[in-house]
Amino acid sequence: MGLPNSQPFNSQDGSMEGLRNGVNYGSAHATIISPISQSHSSFNQQLRQVYETFQLLQLQLRQDIAQDFIKSSMFYLSFGKDDYVDLFLRNSSGVMLKYSGQEFARILVNQMVHAIRTLYDANVRKIISTGILPLGCTPRVVWEWYNSTAIHHGTGCVEEVNELVLQYNTMLNEHIVELNLELPDAQIIFCDVYQGMMEVITNPTLYGTNPFSLFPFLRNSSLKLLPIHA
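Per my numbering, the very first residue in the sequence shown carries number 68; after that it's consecutive.
Have a look at this one:
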């Protein structure tokens, strides 16, 4: 996209110079719902860090300039992977016994929609929200389900897992369409990484790459603030 690399939130020194290149609030493991262990952070924790950044902007800039900075910046949201891999698929706390795949997807999407509304109320207008990549094709999931008859031998992917992911992606995309109609001057984009990855996995020779080598680049769960004004 031609944007500079954003520095991690915890490495920021509180200067405006540090904020000009953006801030990455992400972590290797983060869930949309409450974290399941101390090794996981949550979407809400990252949102609290965003508000700390907003307060810093208001302290260092005039109120109107700070609001313009926020309004003209792009916010990138990438969540959901860890909720499925570490919580739902592993049946942590018996979650698979409590919720169907559709119910679990609805819980996650409702949380995402609430977070987007909260960011909008804080004057955020430009948001990219990515869906979840085809987790049923990741080496980790395929290995854990290796003896399952759910594996589709045409692609080597666990189709049952991919169907769960598709429920979430479809539901989130539909809600984002509704949010764009409802919220004045909002520019919210759903990025469908699932379909893009499946195209590469299905036709790898057309893209000259091993599709599974791409998964490490999509493994972090993150919220990023990316200033895009000139």
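For each residue, glycine too, the CB sits at the ideal point set by N, CA and C. In this text, all values refer to a predicted model and were calculated from it rather than measured experimentally.
If you draw a straight line from the alpha carbon of N240 to that of I195, how long is it in whole angstroms?
Within the sequence shown, residue 240 is the residue found at index 173, counting from 1. Within the sequence shown, residue 195 is the residue found at index 128, counting from 1. Straight-line spacing of the CA atoms in N240 and I195 works out to 11 Å.
In terms of alpha-carbon separation, which member of D150, S101, S73 lies closest to V90?
Locating residue 90 in the sequence shown gives position 23, counting from the first residue. Taking only the C-alpha atoms, the option nearest V90 is S73.
Count the C-beta pairs between the segment 251–268 and the segment 189–207 that are closer than 8 Å, then say yes if the count reaches three, no if not.
They touch, by the three-pair rule.
So is P206 buried or exposed if we call it buried at 16+ other beta carbons inside 10 Å?
Locating residue 206 in the sequence shown gives position 139, where the first residue counts as 1. By the C-beta density criterion, P206 is exposed, having fewer than 16 other C-beta atoms within 10 angstroms.
For the alpha helix (DSSP H) that contains S94, what are its first and last residues?
Within the sequence shown, the letter at position 27 stands for residue 94. Taken as a continuous stretch (DSSP letters only), S94 belongs to no alpha helix (DSSP H), as it is neither H nor E.
Ignore the nearest five residues each way along the sequence and tell me which others in M265's own chain have a CB closer than 6 Å to its CB.
Taking the first residue of the sequence shown as position 1, residue 265 is located at position 198. So the qualifying residues of the chain are P201.
Could you check what DSSP says for L285 in three-state terms: helix, strand or coil?
Translated into the one-based positions of the sequence shown, residue 285 becomes position 218. Confidence in L285 is poor, its pLDDT being 48 and thus under 50, which makes the residue's placement unreliable; the coordinate value appears in the next sentence. The three-state secondary structure of L285, taken from DSSP, is helix.
Please look up how many angstroms separate the CB atoms of F110 and F146, rounded, as I've assumed it's under 8 Å.
Stepping through the sequence shown from its first residue, residue 110 is reached at position 43. Stepping through the sequence shown from its first residue, residue 146 is reached at position 79. Indeed, because the Cβ distance is near 6 Å, the residues count as touching under 8 Å.
Endpoints, the alpha helix (DSSP H) within which L186 is located
Looking up residue 186 in the sequence shown gives position 119. That run of the alpha helix (DSSP H) goes 168–188.
Sort out for me which residues DSSP pairs L293 with in a bridge.
On the sequence shown, position 226 is the one that residue 293 refers to. M141, per the DSSP bridge assignment.
Using a 10 Å radius around the Cβ and a threshold of 16 neighbouring Cβ atoms, would you call I295 buried or exposed?
What you label residue 295 is simply residue 228 of the sequence shown in a count that begins at 1. The residue in question, I295, is exposed, as its Cβ has fewer than 16 Cβ neighbours within 10 Å.
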